[in-house]
Each structure stands twice: as C-alpha cells, then as structure tokens.
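Enquirer:
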Amino acid sequence: MRRVALGALVAIVGLGGLLTASGPAVPASGGAPQFLPVPAPASRPGAVVLADGVRIGSLDVGGLSPEEAARFVRLAFRAPLVLSIQGRLVEVSPRRLGAVAYVRGAVGRALRASPGSRVALFVSVRGALVRVLVAKLARRVDRPPTDARVVLRRLQPRVVGGQEGTRLDRVAAMAAIVRALREDRRGPVELPVRSVKPKLTREEIGPVIVIRRESKRLYYYERERLVRVFRVATGQPEYPTPLGSFRIVVKWRGPWWYPPPSPWAQGLKPVPPGPGNPLGTRWMGLSVPAVGIHGTPDAASLGYSASHGCIRMAIPSAEWLFERVEVGTPVFIVPR
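23 is the number of the first residue of the sequence shown in the working numbering; add one for each residue after it.
Here it is as structure tokens:
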C-alpha cells in the first residue's frame, strides 16, 4: 500500500479497533471500551447478503446486507482514537483529523469477496489537522530545561537550575496517530515525550570565586564548598574595584603589562614578563575592561586598597589559583 505525504493525504488506512464477537470496542470517556451490537443478518428470502465470515478491516459483516454492513462500518468508524500522553488520556474523533472512510467501495468489494475474506477499508487523513492537534498537545507537555547557574545567597555561592525539560516528539506523534489508524487501533496510543537536557548541569559547575572588597579577601569554592581563602589588595578609593557578577574571560602566563588609558599611567611603557612585572607571573582577566586577578611583586600591598581596580594576590597564590580556574569561571565581587 502506498504511503502518502503527511502535508496532504496523510495515509490510506484500514478500519478495525478492539473487536469481540459482539462487535467493535468503542472507547468511551477515560478509554473504557463499549461494544457495538452486531446487526442481525438479513433474513428476507432472496436478499443480497455478504458471504459468511467476510470482514471489512476487523469487522465481521458476513450475512449482512450491503446497507446494513455500510451502517455498521460507519458507526464503528466514528469510535474515538484514544491518545496517551504521560499517563493522561485524550480522546480524538477521527472526524477532527479530517479522516474520511470510503465505506461504499469497501462494501462493494466485500459483496464480491469469498467467504472468510478480509477487505480493507481505505481511509484518508488530513495531515494539516493532525499537525494542529499535535501542536495543541505539545503545549500541554513541553517544558524547557533550565541551565545550572551560580547565585550568591548570604555571600555563599549556591547552584540553582540544571533541570531537564520535556518535549513532545511532534514528528513521531504524528506518525503514531497515523499508524494507529493504519493498523486498525483505537488506542490508547502512547505519544512519545522526550527529555531535554540542559546545556549546563549542576555537575558541570566548576570553581567559583567570591571577592569581599572591604575585607580584602578572595574565597575560592569548588562549586559550593569553600576550599581556600586568600588575602588580596583591591582598588584605591579613586580607582575602586567594581562590584558585581563577572566571569574570567582570559588567562595569561608570564603576562606583559601595558599601561591603561588612564591619567595615572601616562608616560609609562609596557613591561615584559619577568621580575618586577606589576602583574606577577599570572593574569586572569575579568569580563570588565582592564580589571583582573593577578600576582604582584609588592606583597606589602596585600590587605590594603592599593591597586588601580584589579585584585592583587601573592605570586604563589595567583599561580595556585591560575591552575584551578577556567575561562568562564564565575567571579562575584561584593562590598564586604
């Protein structure tokens, strides 16, 4: 049987459903089946009836007149399709999907069929209507993931977010609905809901730095666990270290020092790596212009407001920190 594109005529399908000797099971509210009575065979002498055991789809129409068989098939075709989404049941009328059953042709073929034969009932489904239905169902279950991030609570870093989301697989759901009709099923048809992973999980959060400007302390955390505390120097009153949430954006070993475009640096020349370099041996630049964490050869300045906005550390401390942080490491600078 030829598959038809979903955008127009979605599929040609056979009719059936849950069948018993009493007739097709028609799901009622909540998915409980109700059984249709099978019409009594025509009994008029000389009446034209279908051969014994002939089925249209899974419906036994043997012994019925063409008119009775047609009414029986149309009634069974109206049975709702039951969809299951995360354990919730939704009933959908085939008519809502633009499903049309070609009953007359099926009955005509059944009338010519030999006893015990099975005749397909061809059904067309409108792909656009299936797509609209699936889009509405998706709005019930789609939940975006939340990326993990670090926030400060009472000056302590806390990791929040990092939750998976859910998304109805729309293509697979459309295929499942069409397939259920093709395979003569009325459900429940399980529609696939996929989990959506966040871009950043809690486990992927690495080091966190908290700098208390007035206390002249740098706190190094592994996620939420405090590992080490360092004494640092921060900016002078006229060149204060900025407050806020930042990230490390660059790391340099053996950095050059270049005079910034500031009045205090006028006339100064770049200083190459080596003893006496104002940046020591390591530079960790922040996401704010001309501000970073670095070593200093002037260890006596630690514990004071002595820099031009940067955070100074003892050279061994800066080297220790450099090996443990990454580009992207969050840095919180708070007043106290």
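Yeah, the Cβ is synthetic: ideal placement off N, Cα and C, and Gly gets one too.
Measure the alpha-carbon distance for ALA170 versus THR303 and round it to whole angstroms.
Expert: Each residue's Cα considered, the two are about 33 Å apart.
Enquirer: Taking Cβ to Cβ, would you say THR188 is nearer than 8 Å to SER217?
Expert: Yes. Within cutoff.
Enquirer: Using a Cβ-Cβ cutoff of less than 8 Å, which residues in the same chain neighbour GLU345 once the five nearest sequence positions on both sides are dropped?
Expert: Result list for GLU345: empty, nothing under 8 Å.
Enquirer: Cβ atoms of ALA135 and VAL141: under 8 Å apart, would you say?
Expert: Yes.
Enquirer: Contact between the stretch 227 to 237 and the stretch 197 to 217 is defined here as three or more beta-carbon pairs at a separation below 8 Å; is this criterion met?
Expert: Short answer: they don't touch.
Enquirer: Anyone know if the C-beta pair for GLY184 and PRO220 falls short of 8 Å?
Expert: Against a cut-off of 8 Å, the Cβ pair of PRO220 and GLY184 comes out as a contact.
Enquirer: What are the complete alpha helix (DSSP H) segments, minimum 4 residues, inside the stretch 182 to 257?
Expert: Here the runs fully enclosed are 192 to 204.
Enquirer: Spatial neighbours of GLU106 within its chain, please: CB distance less than 6 Å, with the 5 preceding and 5 following residues excluded, ordered by chain position.
Expert: A small correction: the amino acid at residue 106 is Ser; Glu does not occupy that position in the sequence shown. Answer for SER106: PRO210, GLU212, listed in chain order.
Enquirer: How about the stretch 328 to 348 and the stretch 243 to 259: do they share at least three Cβ pairs that are nearer than 8 Å?
Expert: Touching, per the Cβ criterion.
Enquirer: By alpha-carbon positions, which one of GLY314, PRO311, LEU301 ends up nearest to ASP320?
Expert: The residue with the shortest Cα to Cα distance from ASP320 is LEU301.
Enquirer: Please report the distance separating the alpha-carbon of GLN178 from that of LEU190.
Expert: Those two C-alpha atoms are separated by around 38 Å.
Enquirer: Name the DSSP bridge partner or partners of TRP279?
Expert: DSSP, once it has assigned bridges, lists VAL293 as partnering TRP279.
Enquirer: By how many angstroms is the C-alpha of VAL349 removed from the C-alpha of VAL172?
Expert: Each residue's Cα considered, the two are about 15 Å apart.
Enquirer: Can you tell me whether TRP279 is buried or exposed, with buried defined as 16 or more other CB within 10 angstroms of its CB?
Expert: TRP279 should be labelled buried.
Enquirer: Hey, out of PRO352, PRO116, ALA92, whose CA is closest to ALA101's CA?
Expert: For ALA101, the nearest C-alpha among the options comes from PRO116.
Enquirer: Relative to the C-alpha of ASP164, which residue among GLU186, ARG180, ARG176 is closest?
Expert: For ASP164, the nearest C-alpha among the options comes from GLU186.
Enquirer: Does the beta-carbon distance from PRO285 to GLY331 come in below 8 Å?
Expert: No. Outside cutoff.
Enquirer: Kindly indicate the opening and closing residues of the beta strand (DSSP E) around SER106.
Expert: 103 to 107 is the extent of the beta strand (DSSP E) around SER106.
Enquirer: Quick one: using the 10 Å Cβ neighbour count with 16 as the cut-off for buried, is LEU290 buried or exposed?
Expert: Exposed, since its Cβ has fewer than 16 Cβ neighbours within 10 Å.
Enquirer: Can you grab the Cα-Cα spacing for the pair ALA157 / VAL181, in whole Å?
Expert: Approximately 34 Å between the Cα atoms of the pair.
Enquirer: Mind checking who ALA123 pairs with in its DSSP beta bridge?
Expert: For ALA123, which the question treats as bridged, DSSP gives the partners VAL145.
Enquirer: Starting from VAL95 and walking both ways along the alpha helix (DSSP H), at which residues does that stretch end?
Expert: Run containing VAL95: 88 to 99, per the alpha helix (DSSP H) assignment.
Enquirer: What are the start and end residues of the alpha helix (DSSP H) that includes PRO338?
Expert: Start and end: 337 to 344.
Enquirer: Please state if the CB of VAL83 and the CB of ALA132 are separated by a distance shorter than 8 Å.
Expert: A contact, by the Cβ cut-off of 8 Å.
Enquirer: Who pairs with LEU81 in a beta bridge, going by DSSP?
Expert: BP columns for LEU81 point to ILE78.
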